[in-house]
Amino acid sequence: MDQGILYQILWNGLHGHLFESTLSSQLSTNVVHGNEFPALGYHRLGQHFTPTLVLWMPLVALMGKWALPLIQVLLISLASIILYKLAKCRLENNLARMLTFSFLGANAVIGPCLGNFTDLCQLPICFFSLMLGLEKRIKWLVLLTAFAIPLIREDAGILLIGVAIWLMYVDISRWKTSLLLVAYGLGWVLLVTNVLMPIFSEDSSRRFMVENFGQYLKGKDQASTIEVFTLAIQQPFLILKELFYPFDRTIKYVLGQFLPLAFIPFISIDTWLLMGFPLTGLLLAKGNPLAINWRYTYLVVPGLFSGVIYWWQNHTSLFKSRRFRKLWIGFIALSLIFTLTSNPNRTISFLMPQSINPWVYRSPIKQWKHSQIALNLISNIPNNASISASNCLIPHLASREILIRFPYHINYQDRQGVNDYVDWIAVDLDEHSRYAHAFRNEWRDLQSILDLLLSLDDIYNVQFIQDGVVILQKDGDFSPELEIAYQKLLESSFQIKLQGK
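In the numbering used here, the protein residues as written are -7 to 493.
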């Protein structure tokens, strides 16, 4: 879904509709709370303020849907080079290289990188470049990166607050730079979330603030960031509870972040100063978005790896211990093993099973054949047609104005406010059926898909069906052969649903 949203935004931008997305509209408060249909003309800037995304429009124009995975991997790879150069400013070469290997072996770096494209993948390279600019006193680099970081996402400005406090800690003579960083970082967060984002929609106050920080709102159904902060500080015991609860998840997350660095960050003041604000924000959010493979780790990773450099500057003798170096290498290897066995975002399912009990695994050859069949079938859908597609097909269909996720909607609202059905529906029943007996959320999705498909017989007819992938068209030609195959597929999917239940 996220991959499709961001690709559709960039594709729409190339076609004169900056930051528009019907997929993103599907997640808006107008749809979620107001029961409206996803709308053409909806601007995602009301959900996430991400101006720097426009930088990647030329590459999307050149490479299409393949641009986003390339951008993400490239930015993280380049970030490791900047981290190495930053470490070299304070540390000898072998230690700087080991820190870089730690970064490249970190579950918190690899996991999100192997997932959907995220705007937060721009943070590590910008943050490390900012730290390098501060280290070498390169004014243009400091200005450029400090300016860019808050533009990556509306909440990224808090990273500048941590940098400012750290800079005051290590060099009080640079207090003016620190104040400027605080003023810009905090000021931008407040300006964007309270003034700019509400221009486009009420999603920040009615949806995201309530969903993420509703525990502080005392029953209010909407709140600005200022109101959330004001109400939260009036409840210090609740804040303390949220910082540590659930305790097991919090500890597991912190240990996962610190593992490839041999747990040195636990005793590094510089690290806590640089990563403290974004980590606190994650801990205070409702439900704690603390999965090590989620994109939010990129809010913590830059400060984590930058800060540990300054700890090592005063403890280089420890690195001279051969026993410690072997132990550190073991921690990096362990981090890589955890990354592989966790199968982050199901990206390496060709190597690892999706589930052990019950056993869910499909060979790379079968996956490849299925993907080619699916891509071939959806290529029959006209480029300008409106579509509702199941989740795994969305990124491949996002180069169009009207795309929504099935089974949540099959209707949309055009630019004149008129509601209509989508022209086509594309569903990979094989994908959902394969996992339904092992994963509860997949079972629920399969149930919703089957229930909706059964209600559409009078509107849509099957046009293509193969290997569990179904393509239906509104008022399309009726084929008895295809209909028989379709009914057999539905029947087999129902049996899987009953088994999963």
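Ideal Cβ placement from N, Cα and C applies to all residues, glycine included.
What is the residue span of the alpha helix (DSSP H) that residue i lies within?
| i | result |
| --- | --- |
| Ile510 | Residue 510 lies beyond the residue range present for the chain, which begins at -7 and ends at 493; the question has no answer from this structure. |
| Asn4 | Asp(-6) to Leu6 |
| Trp304 | Thr289 to Gln305 |
| Pro497 | The structure shown does not extend to residue 497, since the chain is modelled only from -7 to 493, so the question has no answer here. |
| Gly211 | No alpha helix (DSSP H) contains Gly211, which DSSP labels as neither H nor E. |
| Leu275 | Ile261 to Leu276 |
| Gln207 | Unbroken run through Gln207: none, as it is neither H nor E. |
| Leu251 | Per DSSP, Leu251 belongs to no alpha helix (DSSP H) and is neither H nor E. |
| Phe258 | Segment: none, Phe258 is in no alpha helix (DSSP H) and carries neither H nor E. |
| Leu310 | Thr308 to Phe311 |
Using the Cβ count rule (16 or more neighbours within 10 Å means buried), how would you classify residue i?
| i | result |
| --- | --- |
| Phe316 | exposed |
| Tyr237 | exposed |
| Gln114 | buried |
| Ile396 | buried |
| Thr333 | exposed |
| Pro356 | exposed |
| His307 | exposed |
| Trp435 | buried |
| Leu470 | It is Phe, not Leu, that sits at residue 470 in the sequence shown. The residue is exposed, with fewer than 16 neighbouring Cβ atoms inside 10 Å. |
| Met55 | exposed |
| Asn376 | exposed |
| Pro116 | buried |
| Gln408 | exposed |
| Phe229 | exposed |
| Asn349 | exposed |
| Gln226 | exposed |
| Glu203 | exposed |
| Thr239 | The displayed chain sequence assigns Phe, not Thr, to residue 239. Exposed: under 16 other Cβ atoms inside 10 Å. |
| Asp437 | buried |
| Ile68 | buried |
| Ile476 | exposed |
| Trp3 | buried |
| Thr222 | exposed |
| Ser165 | exposed |
| Gln(-5) | buried |
Using 8 Å for Cβ pairs, my map puts residue i next to residue j. What's the rounded Cβ distance?
| i | j | result |
| --- | --- | --- |
| Pro336 | Gly103 | 4 Å |
| Gln455 | Gln439 | With a Cβ gap of about 24 Å, Gln455 and Gln439 do not count as contacting. |
| Thr42 | Arg145 | 5 Å |
| Gln39 | Leu60 | No, Gln39 and Leu60 are not in contact; Cβ-Cβ is about 18 Å, not under 8 Å. |
| Tyr478 | Pro30 | So it is not a contact: roughly 26 Å between Cβ atoms. |
| Val46 | Gly5 | 6 Å |
| Gln207 | Lys278 | 6 Å |
| Phe269 | Ile150 | 5 Å |
| Leu37 | Met267 | Wrong, their Cβ atoms sit about 27 Å apart, outside the cutoff. |
| Trp416 | Ile373 | 5 Å |
| Thr339 | Leu106 | 4 Å |
| His401 | Ser380 | 6 Å |
| Phe120 | Leu78 | 6 Å |
| Ile451 | Tyr413 | 6 Å |
| Leu112 | Leu291 | 7 Å |
| Thr289 | Ala148 | That pair is no contact at about 14 Å. |
Which residues bound the beta strand (DSSP E) around residue i?
| i | result |
| --- | --- |
| Tyr413 | Asn411 to Tyr413 |
| Trp416 | Trp416 to Asp420 |
Is the closest heavy atom of the ligand SAM to the C-beta of residue i under 8 Å?
| i | result |
| --- | --- |
| Ser341 | Inclusion of the ligand SAM in the displayed structure is not the case, the ligand content being empty and no account of it being possible. |
Legend entry - Complete runs of the alpha helix (DSSP H) confined to the segment 66 to 134 [at least 4 residues]: For the segment 66 to 134, whole alpha helix (DSSP H) runs of length 4 or above, ordered along the chain, are 85 to 96, 99 to 105 and 115 to 128.
Inset, instruction - Output the residue ranges of the alpha helix (DSSP H) runs that lie fully inside the segment 334 to 404 and measure 4 residues or longer, sorted by chain position. - result: If you keep only unbroken alpha helix (DSSP H) runs of at least 4 residues inside the segment 334 to 404, you get 356 to 370 and 386 to 389.
Inset, instruction - Starting from the N-terminal side, write out each stretch of the alpha helix (DSSP H) that is 4 residues or longer and does not extend beyond the segment 141 to 191. - result: Listed in chain order, they are 150 to 162 and 167 to 183.
Legend entry - In chain order, each beta strand (DSSP E) run of at least 3 residues that lies wholly inside the segment 426 to 482: As for any beta strand (DSSP E) of minimum length 3 sitting wholly inside the segment 426 to 482, the runs are 452 to 458 and 461 to 466, ordered along the chain.
Legend entry - the segment 446 to 466 / the segment 417 to 425 touching (three or more Cβ pairs under 8 Å): Yes: at least three Cβ pairs fall under 8 Å.
Legend entry - Sufficient close CB pairs (3 or more, under 8 Å) joining the segment 242 to 258 to the segment 205 to 220: No: fewer than three Cβ pairs fall under 8 Å.
Legend entry - Contact the segment 251 to 269 vs the segment 296 to 312: 3+ CB pairs below 8 Å: Contact between the segment 251 to 269 and the segment 296 to 312 is present: three or more C-beta pairs spanning the two stretches fall below 8 Å.
Inset, instruction - Note down, one range per segment and in chain order, each alpha helix (DSSP H) of at least 4 residues found wholly within the segment 3 to 55. - result: List check, alpha helix (DSSP H) in window: 14 to 17, 21 to 24 and 49 to 55.
Inset, instruction - Check whether the segment 127 to 137 touches the segment 150 to 165, counting contact only when three or more Cβ pairs, one atom from each stretch, lie closer than 8 Å. - result: Touching, no, given that fewer than three Cβ pairs across the two stretches are closer than 8 Å.
Legend entry - Segment contact, 8 Å Cβ cut-off, at least three pairs: the segment 84 to 98 with the segment 320 to 329: For the pair of segments examined, the segment 84 to 98 was found to touch the segment 320 to 329: the number of CB pairs separated by less than 8 Å reaches three.
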